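Take a look at the structure set out below.
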Amino acid sequence: MDSGETSSSRGYKDRPEKEIIEHEISDDLAKKILEISMAVLHHRDEVEILEIIGKAATELFPIKKLVIYRTDARTGVWMVRHLVGYDEDQAREIKEVTYTAESWKDTLKISDKIGALTYFAPGEYVLIEDFDKSFYDGVPRNLPPRKDPDEWHPMDFTDTLLFDKDGKQLGCIEIMETTNHRKLSRNIIAQLEILASIASIAIELSHMWTSQESTLDASAKRARVFSGLLNLATRIVVAMDRSEMLVAARNFLSSHLGFMNCQVALLDEREGLFRFVNDDSSGDVGTIFTKTVHIDCDPAYRFTEDLFWIPTMQFTEHRLSQIPIRPVDSKMIKTIQESSHATGKEGESRYDLFVIPLRDHHDDIVAVIYAMDRPDDGMFEKDLLEMMSVYGSIVSLAFRNNDLIEEIVSSNQDIEMLNRLLFHDISGYNTGIGVLIDMATRKDVQDEHRSLALEKAKKQIVLSNDLISRIKQLVFVKEKGTEKMLTIDLVPILQGLAKDFKESSTEKTVSISIDASNNRCLVRGNDLLHDLFQNLLNNSIKYDPKEHVKIDISITRREEESRHWWMISIADHGVGVPDDKKLAIFDKFAPRVSGGKGIGLGLSIVKSITEQFGGRIWVEDREKGNPRAGAIFNVMLPVVD
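The numbering used here puts the first residue of the sequence shown at 40, with every later residue one more than the last.
Now the structure itself:
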C-alpha cells in the first residue's frame, strides 16, 4: 500500500474555507495529546502502547469501534493486535483475521484518500461476499442507501496508517463505527493522524528498547543456555528411561530456547508410524507416518548432521495438516505463504520447523523431536542455530547411549536367564538321568527296577530336550523380534492350527471351535504369530486331563485408550490357573502350573511375542471365581484396517 497514491476525496470537495477552521486544535485537546505522548513514549511494551492509543482514540473522538493492525516485519502479513468496542466472542473471532500484503492493497482500490495518512472505504463499494463476517456480525445484507453524504454507512471504514522513520508500514488504526453515525470530519482525521504518528514513534522506540536489551542480554542468555545444555547432557546421557529422557529434551526447547510448540515422537514398528509422547496421563497426543518423518529428514533440509530445518515457505498442503503443526498455525502459515508469493520476499519465519531425528545403533530413525513457533523478536538471533546444532548433537548422543544401555541390560538379563537354564535346570535333568542310568546298569538291581529306571531316564531326556527346544525358541523370538512385519489375517492362522491339532493328536481327541466377529481380523506381525497361538493351544491341551479336549476361541473387536484392538480369547476346560499364579505364569522362571519340577518357558515365549507385536496377554477363570473349571487366555493385538 503506497501512502502517496492519489484518489478522490469523496464528500469533501468544494469546502476549503471550512477546512481551514477544522484543522485548528484546541488547547485542551493539545494538552491531552501531549499527556498521551508522554504516556506511550516511555512504554517498552507494545501491547500496552496499543491499549493506550485505542483508549485515547475512543475518548477523544466520536469513535465507537476500532481495530489496530500490525504488520509482520518479515512476511508483510497484517494481523489484528488490539480492538475496542467489540464483545468478547466477536473480538476473539476478529483476532484470528489476517491479511496478506497483496489483499491489503486490494482493499485500498475502493478507498478514497482523505488525509495525509488516512483512507476512507465507502460501504457502498464493499461487496457483501467480500467483507469478513467476524467484523460485520449482525449487519443486514440488504442495506438502504445513506441519507446524506456525511452519514456513516454500517459498512464504511477508515484506515489511518502507521509508518516507521524509513516510511515502511507498521500497521494502521481502522475505524469501524462512529458514535454519532457520521463520517469523521477533516479536523478529527487530522487529530487522529497526530495520534497515529505518536503511536508509530512509540512502537519504534519500544522496538529499539527491546533490541538494545536483547543485545545487552545476549551474552548472559548464551551463558544460561549453554549452562542449561550442560545440565541437560548430564541428565540424559545416562538416562535409563527413554520416554523420560525425550520429555526432558523436549522441555528444554521451550524453557531455554523459547519454542512454543515442541513435540517428541517414538517409532511404533508394529503400526509403521511414530507415536507422540505425552508427559501426563491424558493419553496419546497423536501420530505421524514414518514416510512423513523421512521426508522431514530429507538431505535438502539438512543444516548439520543432527539438525534439519524446514522453511515455512516449503510446507506442502499435506504437511500442514499433520502434527506438530496446529490448525491455528496452519492458517497463519498459509497467509504467510500467500503474502510471500505476492511480494516475492522470503525469509525466516517463527513457523520454520526444526527436526532432530534420533537413531539407534543400526542408524535407523526410531524417534524424532520437532520444534517450531518462536517469538518474532530475535527469531533467528546469531546464536540460535549454533545452540540448536549443539542441542541436536547432545540429544542424539544421549539417545544412542540409551539404546546401547538397553541392549546391554537386555543382554545381561538374557545371560542370567540362560545361565540359570543351562546350569540349573538342564544340569538338574542331566544329574537325574545320570543317577537313573547308573541304577539301570548296576548288576544287583532287579530287572523290574532296571526297566523303571530306564523309563524314568527316557522321560528326563524328553523333558531336557523339550527345555532345550524352548530355549532355542526364546532366543529365536529375541533375535527375530519385529523382523519382516506384514499385515496378517488371524482367522486363517487359527483355523489352520485347529485342524493341525485335531489331526495330529493321538492320545486325546481335540475339538477347537472358532467364533470371529469379522471375516477378516488383520494385525501387524510375522511368522511368530503362528508360534504364539500354537503355544497357547498346546498349553490348553497339555493341562486338560480329560480324553476329549474342548477349546473355544473367540475373536472380538474392542476399543481401549482411543485405539482399536482384536481380543483373541482361548477358553479351555483344563486344570485352570490358581489366583496366586495368574501373573507369575508368564515369567521366564515361573514354576509349572501343575506343580512339577523345573520351569515352563511356553507362556514366557507367548508373552514376549505378544509384547513385540504391541499387544498384551492375561489369564482369567473360565467360570468367575472357580479356577478349577478351566482358564481363558486373552491376547490383545492392535487392529489394522
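Note that beta-carbon positions come from the ideal geometry of N, C-alpha and C, so glycine has one too. If you're wondering where the values come from, they're calculated on a predicted model, not measured in any experiment.
### CB contact flag (Arg-120, Leu-147, <7 Å)
Walking along the sequence shown from the start, residue 120 turns up at place 81. Walking along the sequence shown from the start, residue 147 turns up at place 108. Against a cut-off of 7 Å, the Cβ pair of Leu-147 and Arg-120 comes out as no contact.
### Query
How would you call Gly-154, buried or exposed, if buried means at least 16 neighbouring beta carbons within 10 angstroms?
The residue given as residue 154 occupies position 115 in the sequence shown. Gly-154 is buried by the Cβ-count criterion.
### Message
Runs of 3 residues minimum, wholly inside the segment 195 to 269: which ones carry the beta strand (DSSP E) assignment?
### Response
196 to 202, 208 to 217
### Task
Rounded to whole angstroms, what's the CA-CA distance from Met-232 to Tyr-125? Just pull it up for me.
For this step, residue 232 is matched to residue 193 along the sequence shown. For this step, residue 125 is matched to residue 86 along the sequence shown. It is Glu, not Met, that sits at residue 232 in the sequence shown. If I take the Cα positions, the gap works out to 23 Å.
### Message
Please classify His-295 as buried or exposed, where buried requires at least 16 other C-beta atoms within 10 Å of its C-beta.
### Response
Translated into positions along the sequence shown, residue 295 becomes position 256. It counts as buried.
### beta-carbon Ala-160 near the ligand SAM non-hydrogen atom, thresh 6 Å
Although the ligand SAM was asked about, the structure shown includes no ligands whatsoever.
### Query
Which residues mark the beginning and the end of the alpha helix (DSSP H) in which Trp-143 is found?
Taking the sequence shown and counting its residues from 1, the one referred to as residue 143 is at position 104. Here the alpha helix (DSSP H) through Trp-143 covers 140 to 147.
### Query
Thr-355 and Thr-139: beta carbons closer than 7 Å?
Position 316 of the sequence shown holds residue 355. Position 100 of the sequence shown holds residue 139. Cβ distance not < 7 Å, so Thr-355 and Thr-139 don't count as in contact.
#### Entry: Among Glu-425, Leu-475, Val-616, the one whose alpha carbon lies nearest that of Ala-14
Here the chain covers residues 40 to 680 and nothing more, so residue 14 does not appear.
### Query
Cα separation between Ile-349 and Ala-537?
Residue mapping note: residue 349 aligns to position 310 of the sequence shown, counting from 1. Residue mapping note: residue 537 aligns to position 498 of the sequence shown, counting from 1. Straight-line Cα distance between these residues: approximately 54 Å.
### Query
Across which residues does DSSP place Gly-564 in a beta bridge pair?
Start at 1 with the first residue of the sequence shown, and residue 564 comes out as number 525. In DSSP, Gly-564 forms a bridge with Leu-525.
### Task
Can you tell me which of the three DSSP states Phe-419 falls into?
As a working mapping, residue 419 is identified with position 380 in the sequence shown. Annotation note: pLDDT 49 at Phe-419 (below 50); position unreliable, no value reported.
### Query
Looking only at C-alpha atoms, which of Val-678, Glu-310, Phe-315 sits nearest to Asn-300?
As a working note, residue 300 is residue 261 in the sequence shown. The option with the nearest alpha carbon to Asn-300 is Phe-315.
### Query
Should Asp-486 be labelled buried (16 or more other beta-carbon atoms within 10 Å of its own) or exposed?
To locate residue 486, count along the sequence shown from 1; it is residue 447. So Asp-486 counts as exposed.
### Query
Since Leu-234 and Ile-92 are thought to touch, with beta carbons under 8 Å apart, how far apart are those beta carbons, to the nearest angstrom?
Numbered from 1 along the sequence shown, position 195 holds the residue referred to as residue 234. Numbered from 1 along the sequence shown, position 53 holds the residue referred to as residue 92. The Cβ separation is near 6 Å, so the contact holds.
### For Lys-547, the residue or residues it bridges with in DSSP
The count along the sequence shown starts at 1 and reaches residue 547 at position 508. None, per the DSSP bridge assignment.
### Task
Report the partner residues of Tyr-158 according to the DSSP bridge assignment.
One-based indexing of the sequence shown puts residue 158 at position 119. Beta-bridge pairing links Tyr-158 to Lys-152, Asp-198.
### Task
Please list, in chain order, all residues of the same chain as Asp-660 whose beta carbon is under 6 Å from its beta carbon, the five residues on each side excluded.
Taking the first residue of the sequence shown as position 1, residue 660 is located at position 621. Once the five neighbours on either side are set aside, the close Cβ partners of Asp-660 are Pro-666.
### Message
At 4 residues or longer, what runs of the alpha helix (DSSP H) sit wholly inside the segment 274 to 345?
### Response
281 to 296, 329 to 335
### Task
Just the C-alpha distance for Val-562 and Leu-305, rounded to the nearest angstrom, thanks.
To locate residue 562, count along the sequence shown from 1; it is residue 523. To locate residue 305, count along the sequence shown from 1; it is residue 266. Distance between the alpha carbons of Val-562 and Leu-305: 20 Å.
### Query
Residues in its own chain within less than 6 Å of Gly-635 by CB, not counting five upstream and five downstream?
Indexing the sequence shown from 1 puts residue 635 at position 596. Bear in mind that the predicted position of Gly-635 carries a pLDDT of just 41, short of 50, making it unreliable; the figure below should be weighed with that in mind. Closer than 6 Å at Cβ, skipping near neighbours: no residue.
### Rounded C-alpha distance that separates Asp-619 from Val-658
Reading the sequence shown from its first residue, position 580 is the one you call residue 619. Reading the sequence shown from its first residue, position 619 is the one you call residue 658. So the two alpha carbons sit approximately 12 Å from each other.
### Task
Alpha carbon to alpha carbon, how far is Ile-133 from Arg-341? Give it in angstroms, no decimals.
Position 302 of the sequence shown, counted from the start, is the residue given in the question as residue 341. Position 94 of the sequence shown, counted from the start, is the residue given in the question as residue 133. Each residue's alpha carbon lies about 38 Å from the other.
### Message
Count Cβ pairs between the segment 601 to 612 and the segment 665 to 679 that sit closer than 8 Å; are there 3 or more?
### Response
yes
### Query
Under 7 Å, do Cys-211 and Leu-200 count as touching if we go by C-beta distance?
One-based indexing of the sequence shown puts residue 211 at position 172. One-based indexing of the sequence shown puts residue 200 at position 161. For Cys-211 and Leu-200, yes; Cβs fall inside 7 Å.
### Query
Roughly how many whole angstroms lie between the Cα atoms of Arg-655 and Val-614?
On the sequence shown, position 616 is the one that residue 655 refers to. On the sequence shown, position 575 is the one that residue 614 refers to. Each residue's Cα considered, the two are about 23 Å apart.
### Query
To the nearest angstrom, how far is it from the Cα of His-62 to the Cα of Ile-228?
Indexing the sequence shown from 1 puts residue 62 at position 23. Indexing the sequence shown from 1 puts residue 228 at position 189. With a pLDDT of 43 at His-62, under the threshold of 50, the modelled position of that residue is not reliable, and the figure given next carries that caveat. Roughly 9 Å between the two C-alpha positions.
### Task
For Gln-651, count neighbouring Cβ atoms within 10 angstroms of its own Cβ and tell me buried if that reaches 16, exposed if not.
Counting from 1 along the sequence shown, the entry for residue 651 is found at position 612. That one is buried.
#### Entry: Rounded distance between the beta-carbons of Thr-526 and Val-407, thought under 8 Å
Indexing the sequence shown from 1 puts residue 407 at position 368. Indexing the sequence shown from 1 puts residue 526 at position 487. Rounded, the Cβ-Cβ distance is 24 Å, inconsistent with contact.
### Message
Just to confirm, is the Cβ distance from Asp-399 to Val-405 under 7 Å?
### Response
Residue 399 sits at position 360 when you count from the first residue of the sequence shown. Residue 405 sits at position 366 when you count from the first residue of the sequence shown. Result yes, Cβ atoms of Asp-399 and Val-405 sit closer than 7 Å.
### Task
List the residues that DSSP assigns as beta-bridge partners of Ile-404.
For the purposes of this step, residue 404 is identified with residue 365 of the sequence shown, where counting begins at 1. Arg-398.
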